[in-house]
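Notes follow once the structure below has been shown.
There are 2 protein chains.
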Amino acid sequence: MAKISVLRYGHRIVRDERVTSHCCLVARAFGAEEIIVEGFEDEALKLTISKMNESWGSGFKLKFTESWKKTVKEYKKKGYFIVHCTMYGMPIQKEVKKIRKKGKILIIIGSQKVEKEVYYASDANISITTQPHSEVAALAITLHMLFEGKELEKKFEKARIKIIPQEKGKKVIELKK
Amino acid sequence: MAKISVLRYGHRIVRDERVTSHCCLVARAFGAEEIIVEGFEDEALKLTISKMNESWGSGFKLKFTESWKKTVKEYKKKGYFIVHCTMYGMPIQKEVKKIRKKGKILIIIGSQKVEKEVYYASDANISITTQPHSEVAALAITLHMLFEGKELEKKFEKARIKIIPQEKGKKVIELKK
Numbered sequence: 017m018a019k020i021s022v023l024r025y026g027h028r029i030v031r032d033e034r035v036t037s038h039c040c041l042v043a044r045a046f047g048a049e050e051i052i053v054e055g056f057e058d059e060a061l062k063l064t065i066s067k068m069n070e071s072w073g074s075g076f077k078l079k080f081t082e083s084w085k086k087t088v089k090e091y092k093k094k095g096y097f098i099v100h101c102t103m104y105g106m107p108i109q110k111e112v113k114k115i116r117k118k119g120k121i122l123i124i125i126g127s128q129k130v131e132k133e134v135y136y137a138s139d140a141n142i143s144i145t146t147q148p149h150s151e152v153a154a155l156a157i158t159l160h161m162l163f164e165g166k167e168l169e170k171k172f173e174k175a176r177i178k179i180i181p182q183e184k185g186k187k188v189i190e191l192k193k
Numbered sequence: 017m018a019k020i021s022v023l024r025y026g027h028r029i030v031r032d033e034r035v036t037s038h039c040c041l042v043a044r045a046f047g048a049e050e051i052i053v054e055g056f057e058d059e060a061l062k063l064t065i066s067k068m069n070e071s072w073g074s075g076f077k078l079k080f081t082e083s084w085k086k087t088v089k090e091y092k093k094k095g096y097f098i099v100h101c102t103m104y105g106m107p108i109q110k111e112v113k114k115i116r117k118k119g120k121i122l123i124i125i126g127s128q129k130v131e132k133e134v135y136y137a138s139d140a141n142i143s144i145t146t147q148p149h150s151e152v153a154a155l156a157i158t159l160h161m162l163f164e165g166k167e168l169e170k171k172f173e174k175a176r177i178k179i180i181p182q183e184k185g186k187k188v189i190e191l192k193k
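In the order they appear, the protein sequences are chains A and B.
Under the working numbering, the first residue of the first sequence carries the number 17, and numbering increases by one thereafter.
Under the working numbering, the first residue of the second sequence carries the number 17, and numbering increases by one thereafter.
Below is the structure:
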């Protein structure tokens, strides 16, 4: 399976806090290795992710960058294929097989209006429907389609707690480390 | 294809505004017929959805309810199968085939902590991974799996504008009504 990183473009104080937090949790839960947030270095977000890793299993990394351009350049050098999720791009259902073959993928998701340069710096611009919706949903569907549903079964290492699926109600067990 | 409605549980002023808005847009873009928001009657949200329908194609409905219980009762009477998305539920990948056969489905998605009663009022509690993430992602994946990817090709009636997918950049055309 491909190694996937996510780049969150343009994280703004207050306005994007909850949505960026959802993006981070989705990246983690759906099998990405890390998320790199462009914008302000959000201490609350760091705390959320570190608590999440401590309870539910570790391995996922949160990083910050001052410049998406620098990050894209760096990841291109490391051999990553750059995929930008945008409603203006080519349909994911037509592109996903090709992208899945790449060993290392960096997925860019926007928040505020994305600069034109992002479209040209990316190796592929893909749309998850051509309707306006949500970068959280776009990221989830992209990861789900790239991993072909296998991400739904992902095991998390070094978890302290774990859910035992129930038809009704909740069951959470403590794990011995 | 099943007729799908979405019920957004516990929408709160300020805190949930952006995330509920993402839920509404995802419900619309991924082929649900309507979303019913429980909580405060959000005028900004009404405006967002009505503008969206006017530009990108109509048909999607936004409603409000004071009580999820009343809505679930009403939809059960109308023959809807009630599906609650929760990380504590049974894996979606095991349940989706069975659920897909139902003609009418009401999907409940939470925001704040969901009351125990929701688990018992639902016909199925399903998890989209057993990790904490986002109701926006949970809704997108649920609709995507129920519609088997066909929602990605959904046509919207009476749209004023439409995207022509591009490898680089953006192309939006005006449609004659």
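Glycine included, each C-beta is placed from N, C-alpha and C at the ideal position.
Nonlocal neighbours in the same chain, by C-beta distance under 7 Å from residue i, ignoring five residues either side
{"i": "His-160 (chain B)", "result": "Phe-46 and Glu-167"}
{"i": "Ile-180 (chain B)", "result": "Lys-187 and Ile-189"}
{"i": "Pro-148 (chain A)", "result": "Met-103"}
{"i": "Gly-73 (chain B)", "result": "Phe-172, Glu-173, Lys-174 and Ala-175"}
{"i": "Arg-116 (chain A)", "result": "Ala-18 and Leu-162"}
Between the CA atoms of residue j and residue i - distance to the nearest angstrom
{"i": "Ile-98 (chain A)", "j": "Lys-174 (chain B)", "result": "35 Å"}
{"i": "Leu-63 (chain B)", "j": "Gln-128 (chain B)", "result": "24 Å"}
{"i": "Lys-89 (chain A)", "j": "Lys-132 (chain A)", "result": "16 Å"}
{"i": "Lys-94 (chain A)", "j": "Leu-191 (chain A)", "result": "37 Å"}
{"i": "Ser-150 (chain B)", "j": "Phe-163 (chain B)", "result": "20 Å"}
{"i": "Met-68 (chain A)", "j": "Gly-75 (chain B)", "result": "39 Å"}
{"i": "Gly-105 (chain B)", "j": "Gln-182 (chain A)", "result": "5 Å"}
{"i": "Ile-20 (chain A)", "j": "Leu-61 (chain A)", "result": "20 Å"}
{"i": "Lys-114 (chain B)", "j": "Tyr-91 (chain A)", "result": "42 Å"}
{"i": "Gly-185 (chain A)", "j": "Ile-51 (chain A)", "result": "32 Å"}
{"i": "Ser-71 (chain A)", "j": "Glu-33 (chain A)", "result": "22 Å"}
{"i": "Ser-59 (chain B)", "j": "Ser-138 (chain B)", "result": "Looking at the sequence provided, one finds Glu at residue 59 (chain B) rather than Ser. Between Glu-59 (chain B) and Ser-138 (chain B), the C-alpha separation is close to 29 Å."}
{"i": "Arg-44 (chain A)", "j": "Arg-44 (chain B)", "result": "26 Å"}
{"i": "Gly-165 (chain A)", "j": "Ser-37 (chain A)", "result": "23 Å"}
{"i": "Ile-177 (chain B)", "j": "Ile-65 (chain B)", "result": "15 Å"}
{"i": "Cys-101 (chain A)", "j": "Lys-118 (chain B)", "result": "32 Å"}
{"i": "Thr-146 (chain B)", "j": "Glu-111 (chain B)", "result": "14 Å"}
Distance CB(residue i)-CB(residue j) smaller than 8 Å
{"i": "Ile-125 (chain B)", "j": "Cys-39 (chain B)", "result": "yes"}
{"i": "Lys-77 (chain A)", "j": "Glu-57 (chain A)", "result": "no"}
{"i": "Val-42 (chain A)", "j": "Val-152 (chain A)", "result": "yes"}
{"i": "Leu-30 (chain A)", "j": "Val-35 (chain B)", "result": "Here residue 30 (chain A) is Val; the residue named in the question, Leu, does not match the sequence. No, the pair does not count as a contact, with Cβ atoms beyond the cut-off."}
Residues of its chain near residue i, where Cβ-Cβ distance is below 8 Å and the 5 sequence neighbours each way are ignored
{"i": "Glu-54 (chain A)", "result": "Leu-23, Arg-24, Tyr-25, Gly-26, His-27, Phe-80, Thr-81, Glu-82, Ser-83, Trp-84 and Thr-87"}
{"i": "Glu-169 (chain B)", "result": "none"}
Neighbourhood of residue i by C-beta, 6 Å cutoff - its chain only, sequence neighbours within 5 removed
{"i": "Ile-144 (chain B)", "result": "Ile-108, Ala-154 and Ile-157"}
{"i": "Tyr-96 (chain A)", "result": "Lys-120 and Leu-122"}
{"i": "Tyr-135 (chain B)", "result": "Asn-141"}
Helix, strand or coil at residue i according to DSSP, with G and I counted as helix
{"i": "His-160 (chain B)", "result": "helix"}
{"i": "Ile-65 (chain B)", "result": "helix"}
{"i": "Leu-16 (chain A)", "result": "What is shown of chain A runs 17 to 193, which leaves residue 16 (chain A) out entirely."}
{"i": "Ala-18 (chain A)", "result": "coil"}
{"i": "Tyr-96 (chain A)", "result": "coil"}
{"i": "Glu-54 (chain A)", "result": "strand"}
{"i": "Thr-146 (chain A)", "result": "coil"}
{"i": "Lys-15 (chain B)", "result": "Chain B is shown only over 17 to 193; residue 15 (chain B) falls outside these bounds and no answer can be derived."}
{"i": "Lys-79 (chain B)", "result": "strand"}
{"i": "Ile-123 (chain B)", "result": "strand"}
{"i": "Ala-43 (chain B)", "result": "helix"}
{"i": "Arg-178 (chain A)", "result": "Sequence inspection shows Lys at residue 178 (chain A); the Arg mentioned does not correspond to that position. Strand."}
{"i": "Ala-48 (chain B)", "result": "coil"}
{"i": "Arg-34 (chain A)", "result": "helix"}
9 Å Cβ cut-off: residues of chain E touching residue i
{"i": "Gly-185 (chain B)", "result": "The chain labelled as chain E is not found among the protein chains of the depicted structure, namely A and B."}
* To do: Please list the residues of the stretch 60-83 of chain B that have a C-beta atom closer than 7 Å to any C-beta atom in chain A, keeping them in chain order.
  => Met-68 and Trp-72
* Asked: Using a beta-carbon distance cut-off of less than 8 Å, what residues from the stretch 44-56 of chain B approach chain A?
  -> Arg-44, Ala-45 and Phe-46
* Contacting positions in the stretch 19-32 of chain B - beta carbon closer than 9 Å to chain A -> Arg-31 and Asp-32
* To do: Give, in chain order, every residue of the stretch 152-165 of chain A whose Cβ lies closer than 7 Å to some Cβ of chain B.
  => Val-152, Ala-153, Ala-156, Ile-157, His-160 and Gly-165
* What residues in the stretch 107-126 of chain A have a beta carbon less than 8 Å from any beta carbon of chain B? -> Pro-107, Ile-108 and Gln-109
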